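Some notes on the structure that comes next.
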Amino acid sequence: MQVFLNGQLLEKQEAKVSVLDRGFIFGDGVYEVIPVYTGRLFRFTEHLERLQNSLDAIDISNPYSHTEWNKICDDVIASCPGDADKSVYIQVTRGVSDRQHLYPDNITPTVFVMCNLTEAHSYHDGVMAITHEDIRWHRCDIKAITLLPNIMLRQLARNSGGAYEAILVRNNRVTEGAASNVFMVKDGVVYTPPKDGHILPGITRDLVVELLQASGQGILEQDFSLQELKDADEVWLTGSTTGVAPVIQIDGDAVSDGCPGQYWRNANNLFNQYIEKIKT
Ligand code: PDD
């Protein structure tokens, strides 16, 4: 399987980055994860727009045009065997320099792109989640590679009886999952937190909002509290590698009757139908 590194397609084992890369030293970089269905990049323009926003936020100029990114992604997809669902990982760091906190002048970004197979998931039984204080910074809208809190929280979830996700709470407001966005349903209305510096503007989130609105389902981009989450009729998670996942237990307590609900089924169907259309 080949990966792309700084202009070259290389075997994964051959691709090497300097120990002075600022991604390695500071976590000074941003990334994207783009789903690939039957070889096609999913919502590519939206992902590239978010990459551009992340790069702008940290003053790295985008090294490639839309067409160039497309070609790079297609090249790594072509070298990833099989028809299974995949994802493309793009990482851009500020580049290599002696260690100094200030952004160095005249530095060339390091660009790494690889393709991975996506684990197939069935949410027949739903997933479990824990809740935790949101211990991250206030610029969660930047898709930064600096993911220490996120991986700590995901691991904590796993260690808490095999939960899939940690749902995060800041000042008693639910923000998002450690690697997903959060939706809840109460009395027939779907809620998801508004896009601000405390959540990643998820591409899957936006699509689910779009699909539900188009179907006439009431949906509000509005904050809700930890208690409201716990009292919800349904809770779902969305993400590029998650799809739309129903949460059936939070902190050991059943969400409603402890089974995936009808609103999730509807949202998941709309989402899957949308993907199926892309595949054909
Ligand atoms: N993560 N919120 C956070 C903190 C995330 O890391 C992700 C995705 C999402 C969902 O965004 P999207 O729908 O665009 O995938 C929300 C990716 C998949 C990851 O880090 O692997």
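First residue of the sequence shown: 17, per the numbering used here; consecutive thereafter. All C-beta atoms in this analysis are idealised placements derived from N, C-alpha and C, irrespective of residue type, glycine included. Just so you know, these numbers come straight off a predicted model, no measurement behind them.
Quick one: what does DSSP say residue i is sitting in, helix, strand or coil?
{"i": "S138", "result": "coil"}
{"i": "Q265", "result": "strand"}
{"i": "G39", "result": "helix"}
{"i": "T61", "result": "helix"}
{"i": "Y211", "result": "In the sequence as presented, Tyr is not what sits at residue 211; that position holds Lys. Reduced to three states, the DSSP call for K211 is coil."}
{"i": "T109", "result": "strand"}
{"i": "A94", "result": "helix"}
{"i": "S70", "result": "helix"}
{"i": "N22", "result": "coil"}
{"i": "N197", "result": "strand"}
{"i": "R281", "result": "helix"}
{"i": "I50", "result": "strand"}
{"i": "K102", "result": "strand"}
{"i": "T191", "result": "strand"}
Is the distance from the Cβ of residue i to the Cβ of residue j below 7 Å?
{"i": "E192", "j": "V198", "result": "yes"}
{"i": "Y6", "j": "V49", "result": "The structure shown does not extend to residue 6, since the chain is modelled only from 17 to 296, so the question has no answer here."}
{"i": "R170", "j": "A194", "result": "yes"}
{"i": "T109", "j": "G23", "result": "no"}
{"i": "L242", "j": "N188", "result": "yes"}
{"i": "M168", "j": "V251", "result": "no"}
{"i": "F20", "j": "V92", "result": "yes"}
Buried or exposed, going by whether 16 or more other CB atoms sit within 10 Å of the CB of residue i?
{"i": "T54", "result": "exposed"}
{"i": "V35", "result": "exposed"}
{"i": "N166", "result": "buried"}
{"i": "P209", "result": "buried"}
{"i": "G204", "result": "exposed"}
{"i": "M17", "result": "exposed"}
{"i": "H154", "result": "exposed"}
Can you find a heavy atom of the ligand PDD that lies under 6 Å from the Cβ of residue i?
{"i": "G218", "result": "yes"}
{"i": "N188", "result": "no"}
{"i": "V224", "result": "no"}
{"i": "L48", "result": "Looking at the sequence itself, residue 48 is Glu, so the reference to Leu does not match. Not under cutoff, so the answer is no."}
{"i": "E27", "result": "no"}
{"i": "N197", "result": "yes"}
{"i": "G213", "result": "no"}
{"i": "G274", "result": "no"}
{"i": "S70", "result": "no"}
{"i": "G259", "result": "no"}
{"i": "S81", "result": "no"}
{"i": "G142", "result": "no"}
{"i": "E149", "result": "no"}
{"i": "G255", "result": "yes"}
{"i": "E192", "result": "yes"}
Kindly examine the ligand NAD and report whether one of its heavy atoms sits closer than 6 Å to the Cβ of residue i.
{"i": "S231", "result": "The ligand NAD is not among the ligands present in this structure, which contains only the ligand PDD."}
Segments of 4+ residues assigned as alpha helix (DSSP H) that fall wholly inside the segment 214–261:
219–231 and 242–246
Inside the segment 117–187 only - alpha helix (DSSP H) runs reaching at least 4 residues:
164–175
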